[in-house]
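Working notes, structure below.
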DNA sequence: GCGACAG
DNA sequence: ATCTTGTCGC
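Numbering (the numbering used here), first residue to last: 114 to 337.
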């Protein structure tokens, strides 16, 4: 398989994003009806170069955890807003490879097409794996109007002249999350899955579990 | 030129 | 992202 996620420089990384962005599909595949969702997250060591990636699959009906996997790696690429994926993607893909059951829908901790080149981490993950993916970010890249206070309320997330995603209120009176299309899904469908996964907390259960697992994986690799 | 800027 | 305990409040 061709390497679609490594770059030797920030300039190369930007070029790669521009080349891959047209491959993003903003509609779901025919008959798309996932029974599970797989959350992904990464924890960083103090040296800021050792990373632990975790992936956790959750049953959409029951919310129960199905399978999980993790991987520890080294991230050489610096953190640059807009080039975030080049820092986390390699280790995330390693963790995905270790998953016993194939994912049906990815939920990334970052943006999809809500990105300067419409190719954030969630889109990159989706295009590289071919899987439907959703971006759920805790803070927005662009500007937005606060949505209404009720759970499920949305307001547009704008970049330039485009609506690139929404601010979605997952709990009443709590700061919204920022949802955007990653790959092979549409925005309303993406919001439905995020709401379904965020029954109790602000963040979807998938990303909460992946966050916890990534921290445990980092600690256990350090304490050894 | 200045500020903003996912994790 | 990470450094970090208890505490106020529903």
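No residue lacks a Cβ here, since even glycine has one placed at the ideal position from N, Cα and C.
Remember, predicted model here, so these are calculated numbers, not experimental data.
For residue 159, no beta strand (DSSP E) run applies, since DSSP gives it neither H nor E. Per DSSP, residue 199 is one residue of the alpha helix (DSSP H) stretching across 198-210. Residue range 234-242 is occupied by the alpha helix (DSSP H) that includes residue 239. Taking a 10 Å sphere around the C-beta of residue 272, we find 16 or more other C-beta atoms and assign the residue as buried. With fewer than 16 other Cβ atoms from the protein chains shown falling within 10 Å of its own Cβ, residue 215 counts as exposed. Using a Cβ distance threshold of 7 Å, residue 281 and residue 181 do not count as a contacting pair.
For residue 307, the secondary structure class from DSSP, reduced to helix, strand or coil, is helix.
Between the region 139-157 and the region 274-290 there are fewer than three inter-stretch CB-CB distances shorter than 8 Å, so the stretches are not counted as touching.
In its chain, beyond the 5 residues on either side, 165, 166, 167, 208, 326, 327 and 330 have a beta carbon closer than 7 Å to the beta carbon of residue 183. Annotation for residue 299: no beta strand (DSSP E) segment contains it, and DSSP assigns it neither H nor E.
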